[in-house]
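Structure record follows, encoded as structure tokens.
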Amino acid sequence: MTKTILLAVSGSISAYKAADLTNQLTKQGYDVHVLMTKAATDFITPLTLQVLSKNAVHLDVMTENDPKSVNHIELAKKADLFVLAPASANTLAKLAHGMADNMVTATALALPADTPKLIAPAMNTKMYENPLTQRNLAILKEVGFEEIEPRSSLLACGDIGRGALAELDAIIERIEKNL
């Protein structure tokens, strides 16, 4: 039976890596449905992820293509796994505080409690290490999210430190472990 993965992409320069992640997961036989925040679409086009996933990309929580169902609820029901990669500080904060103002956060809040949930942060070192971000990560871990920790690296902003998206092999390994 094919497993369904909801791949949520938020606004980070690492969003371009979602294309490779989507491609690898699809080639491995997973049914990948991509959800994007508005900020994510500034880094990578939805069309790229649609072509690679072979599924429509979900952008707006208020867009309902089928009047018989509520899109974010139906997606949450069919998910075998939810992966937020990259997870921006903004999206982590929204999730930790129960905000549902976009497709990613609304779908995440609609997930059944037993659905595995992975988050792979990607941001500047100072943002990642900020006590508020660390508190938000702790809240998310308390309610069942599992963090795939970022790497230390030369970041897009020129800083060196922890905050780079985990290697895709590490993300895929965690996905497979949770499925």
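Just so we're aligned, residue 294 is where the sequence shown starts under the working numbering, counting upward by one. Even glycine gets a Cβ: it sits at the ideal position worked out from N, Cα and C.
**Complete beta strand (DSSP E) runs within the segment 356-430 (minimum length 3 residues, chain order)** = 374-380, 410-414
**Asked** So, using beta-carbon positions, are L299 and L328 closer together than 8 angstroms?
**Response** yes
**Prompt:** Sorted by chain position, which residues of the same chain lie with C-beta nearer than 7 angstroms to A308's C-beta, five sequence neighbours on each side aside?
**Reply:** These residues qualify, in order along the chain: V302, A333, F336, I337, P379.
**Message:** Tell me which residues share the same chain as G304 and place their Cβ nearer than 6 angstroms to its Cβ, disregarding the 5 neighbours each side in the sequence.
**Reply:** T330, A332, A333, S381
**Asked** So the alpha helix (DSSP H) T341 belongs to, where does it begin and stop?
**Response** 339-346
**Request:** Grab the span of the alpha helix (DSSP H) containing D353 for me, first residue to last.
**Result:** First-last for D353: undefined, no H or E at that position.
**Asked** Tell me the DSSP bridge mates of S445?
**Response** R455
**Asked** Leaving out the 5 sequence neighbours to the left and right, which residues in its chain are closer than 6 angstroms to L342 when beta-carbon positions are compared?
**Response** T315, V327, V350
**Asked** Does the distance from the CB of N417 to the CB of L448 come in under 8 angstroms?
**Response** Yes, they are a contact pair.
**Request:** Taking E460 as part of the beta strand (DSSP E), name the residues at either end of that continuous run.
**Result:** That residue, E460, is in no beta strand (DSSP E); it is neither H nor E in DSSP.
**Prompt:** Which residue from P424, C450, N348, G454 puts its Cα closest to that of R444?
**Reply:** G454
**Asked** If L458 sits next to A413, beta carbons under 8 angstroms apart, how far is it from one beta carbon to the other, in whole angstroms?
**Response** 6 angstroms
**Prompt:** Of the residues L402, S362, N348, which one's Cα is nearest the Cα of F438?
**Reply:** L402
**Request:** Hey, could you find the ends of the alpha helix (DSSP H) L472 is sitting in?
**Result:** It is not in any alpha helix (DSSP H) - L472 carries neither H nor E in the DSSP assignment.
**Asked** Does the Cβ of N395 have 16 or more other Cβ atoms within 10 Å, making it buried, or fewer, making it exposed?
**Response** buried
**Asked** So, is V397 buried or exposed, given that buried needs 16 or more other C-beta atoms within 10 angstroms?
**Response** buried
**Prompt:** According to DSSP, what are the bridge partners of L318?
**Reply:** None; L318 has no bridge partner.
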